[in-house]
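**Q** Got a structure here, written out as structure tokens. Questions coming.
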Amino acid sequence: MTATIIDGKAYAEGLCARIANAVRDLSGQGVTPGLAVVIVGEDPASQLYVKNKARQTVDVGMRSFKHVLPASTSEAELLGLVAQLNADPAVDGILVQLPLPKQIDAQKVIEAIDPTKDVDGFHPINAGKLMTGVPGLISCTPLGCLLLIQSVRRDLSGLNAVVVGRSNIVGKPMAQLLIAQSCTVTVAHSRTRDLPEVCREADILVAAVGRPEMVRGDWVKRGAIVIDVGINRVSNPAAGEGRTKVVGDVAYAEAAQVASAITPVPGGVGPMTIACLLRNTLEAACLRRGIPMPQ
Ligand code: NDP
Numbered sequence: 299m300t301a302t303i304i305d306g307k308a309y310a311e312g313l314c315a316r317i318a319n320a321v322r323d324l325s326g327q328g329v330t331p332g333l334a335v336v337i338v339g340e341d342p343a344s345q346l347y348v349k350n351k352a353r354q355t356v357d358v359g360m361r362s363f364k365h366v367l368p369a370s371t372s373e374a375e376l377l378g379l380v381a382q383l384n385a386d387p388a389v390d391g392i393l394v395q396l397p398l399p400k401q402i403d404a405q406k407v408i409e410a411i412d413p414t415k416d417v418d419g420f421h422p423i424n425a426g427k428l429m430t431g432v433p434g435l436i437s438c439t440p441l442g443c444l445l446l447i448q449s450v451r452r453d454l455s456g457l458n459a460v461v462v463g464r465s466n467i468v469g470k471p472m473a474q475l476l477i478a479q480s481c482t483v484t485v486a487h488s489r490t491r492d493l494p495e496v497c498r499e500a501d502i503l504v505a506a507v508g509r510p511e512m513v514r515g516d517w518v519k520r521g522a523i524v525i526d527v528g529i530n531r532v533s534n535p536a537a538g539e540g541r542t543k544v545v546g547d548v549a550y551a552e553a554a555q556v557a558s559a560i561t562p563v564p565g566g567v568g569p570m571t572i573a574c575l576l577r578n579t580l581e582a583a584c585l586r587r588g589i590p591m592p593q
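Residue numbers (this note's numbering): 299 to 593.
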């Protein structure tokens, strides 16, 4: 068996095109959704990520507000900016790029964001809404994963899903989304006993670990849907000395021989995260004004 490659880049482009149409309609009603992105410090990877977010925000017709703060910013200063953005009617979504410098308590910042503008879905109110089945803003990466799973199989009811990783931003919300789809969900982590055996039970296997190619082909059940969230930069001597490449948490070539469908890295989950961020910004703009969310 050779797996269907789930093309996250193409899916994300389609989603962004639909968002752009909806934004055009809203603009006709005098509403232009706005996304504020805050970055503290000069981490080059975060800078690039934020630049891409800002470009795509403008590409779909939304307003982008970028706030770049020095690494020495205090917690009080950042909380002050969040309060200002909470109060700004032009801002529908607020994203504070993580990680933050160590003098700032990230959880405090997350909890300071107005939950109706929390487009990352990290606020405990939104996490709680997801857990209790109440509509709210859903964490972008797991939402993107679910859309990709549903692009190859609509009805997930009764399937065994294994999520490897239990972070607040990926693993836990992913598990909640799959429970809501009536999957039987196992959440695995670094203390899980016999992880390969646990993974072999999965009809849907989501790897969100941060360990390059940890999930081997013989951990994958024949016919499983495999979603690889991992983004790991590793050395790539074949391309020349000092060169690197990005790989996922799944040994792609091996797993693709066994799975029915699999996301590549890059080009799988990654592009969906930004697309879902824009989708959440659109949703926040509609919800805050009592306008129905365009389908
Ligand atoms: P975290 O480091 O917060 O969580 C990693 C999880 O993996 C933890 O629950 C940890 O277990 C578990 N884990 C670590 N080692 C093992 C192991 N050997 N066996 C089993 N479980 C293990 O990472 P994130 O959730 O933030 O991110 C996970 C990956 O996804 C990273 O590669 C990250 O770069 C990527 N990512 C990609 C995004 C995208 O847009 N595509 C967005 C966000 C993240 P424990 O809790 O026991 O420590």
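We treat Cβ as the ideally placed atom computed from N, Cα and C, and that holds for glycine.
On a CA-only basis, which of A320, T561, T300 is nearest C443? Give me that one, please.
**A** Taking the sequence shown and counting its residues from 1, one reaches residue 443 at position 145. For the residues A320, T561, T300, the minimum Cα distance to C443 belongs to T561.
**Q** Looking at the ligand NDP, does it come within less than 7 Å of V483, judged from the CB to the closest heavy atom?
**A** Counting from one through the sequence shown, the residue named residue 483 turns up at place 185. Remark: the shortest separation between the CB of V483 and any heavy atom of the ligand NDP does not fall under 7 Å.
**Q** With S370 as the anchor, note down where its beta strand (DSSP E) starts and where it stops.
**A** If you number the sequence shown from 1, residue 370 lands on position 72. No beta strand (DSSP E) contains S370, which DSSP labels as neither H nor E.
**Q** Flag A301 as yes when its Cβ comes closer than 7 Å to any non-hydrogen atom of the ligand NDP, and as no otherwise.
**A** Residue numbering aside, residue 301 sits at position 3 when the sequence shown is read from its first letter. Answer for A301: no, Cβ out of range of the ligand NDP.
**Q** Checking the sheet assignment: what are the DSSP bridge partners for I502?
**A** Position 204 of the sequence shown, counted from the start, is the residue given in the question as residue 502. Under DSSP, I502 shares a beta bridge with A459, I523.
**Q** Whether or not the stretch 493 to 502 and the stretch 526 to 533 are in contact is what I'm after, with contact meaning three or more pairs of Cβ atoms, one per stretch, closer than 8 Å; do they touch?
**A** no
**Q** Between W517, G515, P510, L576, which has its C-alpha nearest V545's C-alpha?
**A** Taking the sequence shown and counting its residues from 1, one reaches residue 545 at position 247. For the residues W517, G515, P510, L576, the minimum Cα distance to V545 belongs to P510.
**Q** Suppose only complete runs of 4+ residues qualify. What are the alpha helix (DSSP H) ranges in the stretch 438 to 497, listed by chain order?
**A** 438 to 450, 469 to 478, 493 to 497
**Q** Looking only at its chain, what residues have a beta carbon closer than 8 Å to the beta carbon of V628, apart from the 5 residues adjacent to it on each side?
**A** Outside the modelled stretch of the chain, which goes from 299 to 593, sits residue 628, for which no answer is possible.
**Q** In the DSSP output, which residue or residues are listed as bridge partners for G334?
**A** Locating residue 334 in the sequence shown gives position 36, where the first residue counts as 1. With the sequence shown as reference, residue 334 is identified as Ala, and Gly is not the correct amino acid for it. DSSP, once it has assigned bridges, lists F363, I392 as partnering A334.
**Q** Hey, out of N534, V336, M512, A308, whose CA is closest to E375's CA?
**A** The count along the sequence shown starts at 1 and reaches residue 375 at position 77. Closest by alpha carbon: V336.
**Q** Can you give me the start and stop residues for the alpha helix (DSSP H) that S325 sits inside?
**A** Here residue 325 corresponds to residue number 27 of the sequence shown, with the count starting at 1. Run containing S325: 306 to 326, per the alpha helix (DSSP H) assignment.
**Q** If you count every other CB in all the chains shown that lies within 10 Å of the CB of R353, and 16 or more means buried, which is it?
**A** As a working note, residue 353 is residue 55 in the sequence shown. Exposed, because fewer than 16 other Cβ atoms sit within 10 Å of the Cβ of R353.
**Q** Assuming the contact rule is C-beta atoms closer than 8 Å, G332 and V380 should be a hit. Round their C-beta distance to whole Å, please.
**A** Locating residue 332 in the sequence shown gives position 34, counting from the first residue. Locating residue 380 in the sequence shown gives position 82, counting from the first residue. About 15 Å; that fails the 8 Å criterion.
**Q** In this structure, how does DSSP classify A425 when only helix, strand and coil are distinguished?
**A** Locating residue 425 in the sequence shown gives position 127, counting from the first residue. Of the three classes helix, strand and coil, the one that applies to A425 here is helix, per DSSP.
**Q** In whole angstroms, what separates the C-alpha of D453 from that of A459?
**A** Taking the sequence shown and counting its residues from 1, the one referred to as residue 453 is at position 155. Taking the sequence shown and counting its residues from 1, the one referred to as residue 459 is at position 161. C-alpha separation (whole angstroms): 13 Å.
**Q** Keeping to the same chain, check which residues put their C-beta closer than 7 Å to that of R586; ignore five residues upstream and five downstream.
**A** The sequence position of residue 586 within the sequence shown is 288, counting from 1. Cβ within range, chain order: D390, T414.
**Q** Taking only heavy atoms of the ligand NDP into account, decide whether any of them is closer than 7 Å to the Cβ of M512.
**A** Stepping through the sequence shown from its first residue, residue 512 is reached at position 214. Result yes, Cβ under 7 Å from the ligand NDP.
**Q** Candidates I402, I467, L446, S533: which alpha carbon is nearest N424's?
**A** Stepping through the sequence shown from its first residue, residue 424 is reached at position 126. For the set I402, I467, L446, S533, the Cα lying nearest the Cα of N424 is the one of I467.
**Q** What first and last residue would you give for the beta strand (DSSP E) that runs through V544?
**A** Your numbering for residue 544 matches position 246 in the sequence shown. Per DSSP, V544 belongs to the beta strand (DSSP E) from 542 to 545.
**Q** Quick one: does the C-beta of G419 sit closer than 7 Å to a heavy atom of the ligand NDP?
**A** Start at 1 with the first residue of the sequence shown, and residue 419 comes out as number 121. Every heavy atom of the ligand NDP is 7 Å or more from the Cβ of G419, so no.
**Q** Who are I560's beta bridge partners in DSSP?
**A** For the purposes of this step, residue 560 is taken as residue 262 along the sequence shown, with counting starting at 1. I560 pairs with I303, V524.
**Q** Any chance you could list the residues with Cβ under 7 Å from a heavy atom of the ligand NDP, keeping chain order?
**A** T439, V462, G463, R464, S465, I467, V468, G469, A486, H487, S488, R489, T490, L493, A506, V507, G508, R509, M512, V527, G528, I529, N530, D547, V567, G568, T571
**Q** Which of the three DSSP states is assigned to N578 in this structure?
**A** Locating residue 578 in the sequence shown gives position 280, counting from the first residue. Here N578 sits in helix by DSSP.
**Q** Would the stretch 404 to 411 count as touching the stretch 426 to 438 if we require 3 or more Cβ pairs under 8 Å?
**A** no
**Q** Counting C-beta neighbours from all protein chains within 10 Å, is the total for H421 16 or more, i.e. buried, or is it exposed?
**A** The residue given as residue 421 occupies position 123 in the sequence shown. With 16 or more Cβ atoms within 10 Å of its Cβ, H421 is classed as buried.
**Q** Give the range of the beta strand (DSSP E) segment to which V532 is assigned.
**A** In the sequence shown, counting from the first residue as 1, residue 532 sits at position 234. It spans 530 to 533 - the beta strand (DSSP E) in which V532 sits, taken as one unbroken run.
**Q** Name, in chain order, the residues that DSSP records as bridge partners for V507.
**A** Within the sequence shown, the letter at position 209 stands for residue 507. BP columns for V507 are empty, so no partner.
**Q** Going by Cα to Cα distance, which pick from K307, A369, D492 is closest to G339?
**A** For the purposes of this step, residue 339 is taken as the residue at position 41 of the sequence shown. The option with the nearest alpha carbon to G339 is A369.
**Q** Taking 8 Å as the cut-off, decide whether the C-beta atoms of R514 and A549 are in contact.
**A** Counting from one through the sequence shown, the residue named residue 514 turns up at place 216. Counting from one through the sequence shown, the residue named residue 549 turns up at place 251. In this structure, A549 lies closer than 8 Å to R514 by Cβ.
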